[in-house]
Each structure stands twice: as C-alpha cells, then as structure tokens.
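First the structure, in the form of structure tokens, and then the observations on it.
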Amino acid sequence: MIEVKALSKKYGDRFAIKDIHFTVDRGELVGFLGPNGAGKTTTMKIITGFMAPSSGSVQVGGYDVFENPMEVKTQIGYLPETPPVYMDMRVKDYLKYVAELRHVEKSNLTQYIGEALEKTDLASVENRLIENLSKGFRQRVGIAQALVSKPDILILDEPTVGLDPNQVAQFRKLIKDLKGHHTIILSTHILSEVQASCEKVVIVNEGRIVAQDNIKNLSQKAKAHSQLKVRTLKPIENLESFLSDIEDVLSWDGVGSQWSLSLKPEVSDGEIAAISNALSSAGNGLLEFQVQKAQLEEIFLDLTKSKSNEVNS
Amino acid sequence: MKTIFCIFKKELRSIIGSPFYYVIGLLFATFLSINYIRSLAQFQTMSMQGAGLNIHSGLFIPHLNSIYLIFLVVIPLLTMRLFAEEKRNHTFDLLLTAPITSSQIVIGKFLASWLSVLILLAIGLLYPLMTASVASFDWGPMWGSYLGMFWLAGVNVSIGMFASTLTASSVVCAFLGFLLILALMLLGSGAGQMADPFWSSLLDQLSLVTHLQSFFQGLFEIKGFVFMISCILLFSFMAIRMVESSRWR
Ligand SMILES: Nc1ncnc2c1ncn2[C@@H]1O[C@H](COP(=O)(O)OP(=O)(O)OP(=O)(O)O)[C@@H](O)[C@H]1O
Ligand SMILES: [Mg+2]
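The listed protein sequences derive, respectively, from chains A and B.
Counting from 1, position 116 in the first sequence corresponds to residue 118 in our numbering; the numbering is continuous, with no gaps.
Counting from 1, position 190 in the second sequence corresponds to residue 455 in our numbering; the numbering is continuous, with no gaps.
What follows is the structure in structure tokens.
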C-alpha cells in the first residue's frame, strides 16, 4: 500500500533523513519510532505530499506521490505534528471545511462529521470556537480532522501528545477499532505506545532506519539483554566463586543480598537452572530468583544510543 | 470549481467575521466622510465663484482619489493574513496535503479578499448616491470610475496576496504589500521625466494611474481592461508559484 524507497531529505547540506526504505501493507498498523529529531515528521511530510524529498520515491496505492499527488492525497488522512486548526472556527464548521476540501460527497457530510466527532469524543464541544479549546481538545480536533473523510490511509504524527490518560486509553481503543479497516502509520517517541497498539515497528534514529520488524520478533531479540535478579536471606560474600564456572553470565552488579546478573543472549534454560542450583546449595537462603527478558524499551535505547555514539566518534 | 467555492466561502467568512474588518471599515468610512465633506465645501465655494467646475471632476474625482489612497493602506492590511497566517498556524499543512491544487487555493483566497474589498468600495459608492438625491449629474463617468476602482481593487488584492506568500509574519507581509502597491502606483509618475519618447510612453502604458484616469473620465478603453487583468493574472500566478515552491524547501 505504501512503499518508501531510498528516501532522503536535505536541509541545507545536513541530511534530515537518509536512505529510508520501508513498506506498509494494506490494513497494517505500523509504529514509527524514534527519538527527537530522528526524522519521523520529515518522512511523514514527504509521504503525505506536503514536501518533496531531495531524492527517493514514495508510492501510495500504486501512485507516485509526486506524479499523481491528487490520487494519493485523496487516500490519506494526515495529522501533522501541530494540529492544523483555524482558531476562529467552530469545531463542527472546521470539520465540515476539511471534509469539503477532501471531496466528501455532500450527502455524506453530516454522517461523516458526526462519526468523527463521536470517535474523538468531541460532540460536547462541537459548537465551541477552537480558540477556546484546551491543547488536548485541539489535538483531538486534529485527530477528528484526519478521520473525517474516512481515508484508506491514516498518517498520524504523535497523535497522543497532550492527551490525558483517559483520552490516551480511548485513542488506543479507537486505533484498535480502526485497525484492519485502515492502513495506519503512527509516529511516536514513546515505546509503550507502539507496544500497546502496533504490530510492526520501524525504528529510526539520526535520519536512518535502525530496525524494522514486527513487535514479536523484536521482543525475542530482547533476550540479548536478559537480566537475572537475585535476592538472598544472608548476604552473598563471594559471588564470583559461584559463577566462575558458569560461562553464560556476562557481568554482575550489586551488594550484600541483592544482585543483578547480565546473561548472554544464547543462554539456555539449563544454564539458568545451573545458576539457581549453585545459589540455593550455597545455603544463603534464596528468596528471589527472577529472569527478566528485556523490554523493547531497552532495545530501543540500545539501538538509538549506539547509533549516535557511532556518529559522534 | 466546488473546491474554489469552498475555500472562497471559508476565507470570506474569516475576513468578514473578524472584528478587524469592522475596524478597517470604520476607518475607511471616517476617512472618506471627512474628505468628502471637505471637497464638498471646496466645490461649493469654487462654484459660487463661478469657476464652472463640473460635479464629477470637482467632487467625485477627489472622492475617488481618497479611496485610491486609502486602498494603499487598507488592502495590504486585509490581505496580509491570507498565507502568512496559514504558515504560522500550521494550517498550511492542511491545505497542502488536501487533494486540491495550489491554483484553487490562490483563486479561492483571491476572490474572497477581492469581494471583501468590494464591499468597502460599495460604502464609497454611497457618497455619490446620496449626492444624487440632491443634485442631478451624468452617471456615465461615475460608472466608468467605479469600474476602474473595481479593477484597481483586484490588482491591489493580488499584489497583497502575493506579498502574503513571501513570509510567515503578517506585519512584514503587509509592509511588503504596501511597498509593492506603492511602487506600481509610482511607476507612471516617472513617465514625464523620461526624455526618450519611447521610454516615456512605455512607462505611461505601464502606469496604473494612466489607465485609472481613463476609467475616471468614463472612457472604456480595452487596453485599460487588459492592463488591469494582466496585473491580476501576473501576481496571482506568482502567488501560485510561491505556494508551489513551499513544497520544495
Ligand atoms: N525546516 C527545517 N530546516 C532545517 N532543519 C530541519 C527542518 N525541519 C527539520 N529539520 C531537521 O531535520 C531533522 C529531523 O526532524 P524531524 O522534525 O523530522 O524529527 P522528528 O523525528 O519528527 O522529531 P520529534 O520527535 O522531535 O518530532 C532534525 O535534525 C531537524 O533539526
Ligand atoms: Mg516530529
């Protein structure tokens, strides 16, 4: 459905994004994840035809964004970083304007606007001036605006910024409902957001893609950072002696009776059992023994950190 | 067409619905009233001295000149927000990612601002209309003059709109618009100073004032229309180019 090929964008002589490749299939929900300044907004602006790339191409539903902009734009609903609202308009009039700009049939206008208002929980403020709405409400008007023409594709740039926890939950529910009916790309720098709603994730850093996979595979790779937390009744004096003959422990850290051990990626359950045996037979009174598979969070931090170190060095 | 009308409606509502428009309208009417009363008094004394002035050149031409002058200020103020505001509020994103063309955006905005200026011009027409109830005169030159003002408003609006595409700051846009309109106004005044007859007549033909004056005299000259319409097309075209080019930065 969306095919991004070798996309680069230069501001002056600095690359904002460089050689971005990815594809999104129909009905897929993709999280576009990266720290501040990674190039998420830039990429989205290019996909929506707001801005031209320095090189590379974007195909949406078989059309090239720059050769057939009209065909592409009718398929896309876009929420920019800052909600594109007119302060001097009322919520409902604004949505009507956007719907008309997006060529919604006159006979469908009322229904589409009603549905957008309902999905974003805005019906109570439909006659208020946008100027008088709070930031979170304006953000919701922005989301409603992207939905109002019922486009096949939704491109949402940090959709939950400024929303309260209730609304974030509601937004996630909304995304779940939309999943399957729409193809969605959603950018964020908050990992839990991707975990909560996306099945596929593209991680960008410093303008390049550093990982792209579905959430399951990435979580599996998280084994690389598995941690073992140990708590004993009596302090362990010579942890090294227990662990010296177990090769899969990379490093350990802690004092007295609380320790945390880093394990090798390919550590097997048998090895973990060996550690637990060694600890319990030492007679210190094993109280806790917990294997923590690293969260996506750590992969994310790792991917984005190591990359920037590389760039700096 | 539908899209242009949609943009036109929205722009018109946002111009005419803003308090700013009423402030401008009020200033416009006040300025015209003061000037009208002054020229009325002048016209009275002059005709009592038996100068034999006709009412068109004695009363209405000064009135039209004051409209012409105040447009120089009012139009850039009305058009400054057209694009500058969209850029500043990030609503430009909405327009540029909607399935509409840059020309549709520009034409819609242009027509809405033109109409908002024409409403002011209609206020200006009230003065001769009121005068008509107490004096009779030849309406020919009057309609000619207002036709000229109609096109002049269009030209100035297209210039102001073009200026508004240049930066994201409304104030700077208004000032640029003012300078551009002033420049076009002054272009013809150089005509007299040119020794070379070729340059002199060229500048004369490029002068807004020359064409406006022939409208004021009630002459409906084709070249007057052609000049005005070309100006509107030129500046609208440049505005479209500017909107397009914002995609390439
Ligand atoms: N108009 C511009 N002129 C110059 N550089 C720009 C411009 N817009 C963005 N950049 C640069 O491009 C890079 C990518 O910016 P972008 O806005 O795409 O990041 P982002 O991933 O959306 O970040 P955030 O999470 O902060 O929104 C940044 O380094 C930024 O400084
Ligand atoms: Mg961003």
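Yeah, the Cβ is synthetic: ideal placement off N, Cα and C, and Gly gets one too.
Min CB distance residue i to chain B below 7 Å
i: A:LYS202; result: no
i: A:PRO82; result: yes
i: A:THR45; result: no
i: A:VAL313; result: Confidence at A:VAL313 is low in this model, with a pLDDT of 44, below 50, so the placement of that residue should be treated as unreliable; the coordinate-derived value is given next. So no, A:VAL313 is outside the interface.
i: A:LEU158; result: no
i: A:MET53; result: yes
i: A:ASP65; result: It is Tyr, not Asp, that sits at residue 65 of chain A in the sequence shown. No, its Cβ sits nowhere closer than 7 Å to a Cβ of chain B.
i: A:MET72; result: yes
i: A:PRO161; result: no
i: A:PRO86; result: yes
i: A:ASP90; result: yes
C-alpha distance - residue i paired with residue j, whole-angstrom precision
i: A:VAL74; j: A:LYS47; result: 13 Å
i: B:TYR333; j: B:TYR287; result: 19 Å
i: A:SER310; j: A:HIS191; result: Bear in mind that the predicted position of A:SER310 carries a pLDDT of just 48, short of 50, making it unreliable; the figure below should be weighed with that in mind. The straight-line gap from Cα to Cα measures roughly 16 Å.
i: A:THR84; j: B:VAL420; result: 34 Å
i: A:THR25; j: B:GLU276; result: 39 Å
i: B:GLY347; j: B:GLY483; result: Just to set this straight, residue 347 of chain B is Leu in the shown sequence, not Gly. Cα to Cα, B:LEU347 sits roughly 33 Å from B:GLY483.
i: A:ASN134; j: B:ARG303; result: 45 Å
i: A:GLN260; j: A:SER10; result: 49 Å
i: A:VAL257; j: A:GLN61; result: 56 Å
i: B:LEU477; j: B:LEU417; result: 8 Å
i: A:ARG92; j: A:GLY116; result: 14 Å
i: A:PRO237; j: A:ILE155; result: 58 Å
i: B:LEU445; j: B:THR432; result: 15 Å
i: B:PRO341; j: B:HIS355; result: 22 Å
Any chain A beta carbon closer than 7 Å to residue i
i: B:ASP358; result: yes
i: B:ARG512; result: yes
i: B:ALA363; result: yes
i: B:HIS328; result: no
i: B:LYS374; result: no
i: B:SER279; result: yes
i: B:LYS275; result: yes
i: B:CYS438; result: no
i: B:HIS355; result: yes
i: B:CYS496; result: no
Residues bridged to residue i (per DSSP)
i: A:PHE34; result: A:SER189, A:VAL204
i: A:THR25; result: A:GLU5
i: A:ILE216; result: It is Asn, not Ile, that sits at residue 216 of chain A in the sequence shown. In the DSSP output, where bridge partners are listed per residue, A:ASN216 has A:LYS202.
i: A:PHE291; result: A:VAL232
i: A:VAL257; result: A:GLN260
i: A:ARG104; result: Its beta-bridge partners do not exist; DSSP assigns none.
i: B:ILE340; result: DSSP, once it has assigned bridges, lists no residue as partnering B:ILE340.
i: A:LYS11; result: A:ILE19
i: B:SER429; result: B:SER429 pairs with nothing; no bridge assigned.
i: A:ASP66; result: A:GLN61
Where residue i falls, given that 16 or more other Cβ within 10 Å makes a residue buried
i: A:ASN279; result: exposed
i: B:PHE273; result: buried
i: A:GLU312; result: Note that A:GLU312 scores a pLDDT of 45, beneath 50, so its modelled location is shaky; the value from the coordinates is reported in the next line. Exposed.
i: A:ASN207; result: buried
i: B:PHE500; result: buried
i: A:ASP159; result: buried
i: A:TYR40; result: In the sequence as displayed, the identity of residue 40 of chain A is Ala instead of Tyr. Buried.
i: A:LYS202; result: buried
i: A:ASP250; result: buried
i: A:GLN113; result: exposed
i: A:GLY79; result: buried
i: A:SER315; result: With a pLDDT of 35 at A:SER315, under the threshold of 50, the modelled position of this residue cannot be trusted, and the question is left open.
i: A:TYR13; result: exposed
i: A:ILE19; result: buried
i: B:VAL399; result: exposed
i: B:THR362; result: buried
task = With a cut-off of 7 Å, give the chain-ordered residues whose Cβ is closer than this to any heavy atom of ligand 2.
result = Shown in chain order are the residues whose CB sits closer than 7 Å to a heavy atom of ligand 2: A:LYS42, A:THR43, A:GLU83, A:ASP159, A:GLU160, A:SER189.
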